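In terms of numbering that gives the first Met the number 0, the sequence shown is numbered consecutively and its last residue is 286.
One structure is given here, and the rest of the page talks about it.
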Amino acid sequence: MRELVVLGTASQVPTRTRNHNGYLLLWDGRGYLLDPGEGTQRQMIHAGVSATQVHHICLTHVHGDHCYGLPGVLSRMVLDGVTHPVHLHYPASGEEVVRALVSVATPGLDLHLHPHGSAGEVAPGLEVRPLHHRVETYGYRLVEPDARTLLPERLAAAGLSGPDVGRLQREGRLGGVALEDVSVPRRGQRFAFVMDTAPCAGAEELAEGADFLVAESTFSDEDAELAREYRHLTAGQAGALAAAGGARTLLLTHFSSRYADLTVLRDQATPPGGGGPSAFPIKSRRA
């Protein structure tokens with residue numbers, strides 16, 4: 000199962016209807032909790048998800064609306080009896096803040112700290128790229144390995160069925176039949192997470208070829224000067240990022256409290272005449 004659970008969509012100031020940041024990506028039996036802002040533990044209850052589902056926690060940076068929910072989530076994991084290792088990824092310059100947050104959480108969790116200071120892979124399939132914000136910030140991308148899609152008609156022609164198909168997939172060849180003879184290449188799916196940033200090369204790299212792109216859109220295009228000052232994206236810039244990268248689905252988030260009606264942000268992120276990002280086979284829901 001692959002599902003994105005949106006736990007909050009507010010930026011620095013939460014509102015009556017929008018909690019601080021928080022996103023839980025459920026991906027093939029592993030859970031990735033991204034930027035748990037204040038109130039994330041309670042939002043998880045509303046969404047019907049459990050702290051026991053979390054294996055990786057990913058912080059883009061250490062501004063409070065992206066990490067102040069961390070102690071509560073960690074404490075809840077201890078309370079719920081989580082025994083599997085939990086990996087916490089964060090920018091190296093945020094070490095002091097992260098250790099302070101971890102220190103006030105209930106002890107007893109098998110927690111592994113993984114600071115990073117450059118682009119690259121930080122866990123199997125999980126990559127980071129530097130963004131351009133007021134403090135050191137990284138976006139995340141989860142990449143499924145490329146694979147092959149089996150073609151039933153070719154399997155039948157080769158006389159393969161049942162357990163022999165699984166054996167062929169494991170070994171790559173069975174008798175005189177190679178896996179390539181009965182399948183076609185399938186590119187692995189890609190999930191990208193771009194938070195607080197001005198337009199930059201790192202954001203473009205993350206968005207390139209993404210099947211599902213989560214991007215901040217703190218300001219409307221009319222407030223572009225504020226976006227430049229605080230190093231954020233406007234809705235139009237988020238839409239352009241997705242379009243340039245060929246993203247299949249764009250999810251806007253991290254909205255300023257000045258926008259009660261988000262319709263304008265959606266419209267500004269949509270290319271003229273429609274089109275652009277479309278449906279993607281990851282379920283998405285909001286707490």
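Every residue gets a Cβ at the ideal spot worked out from N, C-alpha and C, and that includes glycine.
The model shown is predicted, which means the values in this text are computed figures rather than measured ones.
query                                                                                                                                                       : result
Using C-beta distances below 6 Å, list every residue in its chain close to GLU204, excluding the 5 sequence neighbours before and after it, in chain order. : ARG128
What does a CB cutoff of less than 7 Å around VAL142 pick up in its chain, not counting 5 residues either side in sequence?                                 : GLY124, GLU126, GLY187, ARG189
Can you grab the Cα-Cα spacing for the pair ARG15 / LEU249, in whole Å?                                                                                     : 25 Å
Apart from the five residues on each side of it in sequence, which residues of its chain come closer than 6 Å, Cβ to Cβ, to MET76?                          : ALA50, LEU108
With C-beta atoms as the reference, is HIS19 less than 9 Å away from GLY47?                                                                                 : no
Once DSSP output is grouped into helix, strand and coil, what is the label at GLY235?                                                                       : helix
Assuming PHE254 contacts THR59 under a Cβ cut-off of 8 Å, what Cβ separation, rounded to an integer in Å, is found between them?                            : No, PHE254 and THR59 are not in contact; Cβ-Cβ is about 16 Å, not under 8 Å.
Between the stretch 103-122 and the stretch 153-169, do three or more beta carbon pairs fall short of 8 Å?                                                  : no
Please classify PRO287: is it buried, with 16 or more other beta-carbons within 10 angstroms of its beta-carbon, or exposed?                                : There is simply no residue 287 to check, as the chain begins at 0 and stops at 286 in what is shown.
Quick one, are the C-beta atoms of TYR31 and HIS55 less than 9 Å apart?                                                                                     : yes
Can you give the Cα-Cα distance for ALA241 and VAL193, rounded to whole angstroms?                                                                          : 11 Å
Check whether the Cβ atoms of LEU73 and LEU24 sit closer than 9 Å, and answer yes or no.                                                                    : no
When you compare only the Cα positions, how much space is there between LEU100 and VAL85?                                                                   : 15 Å
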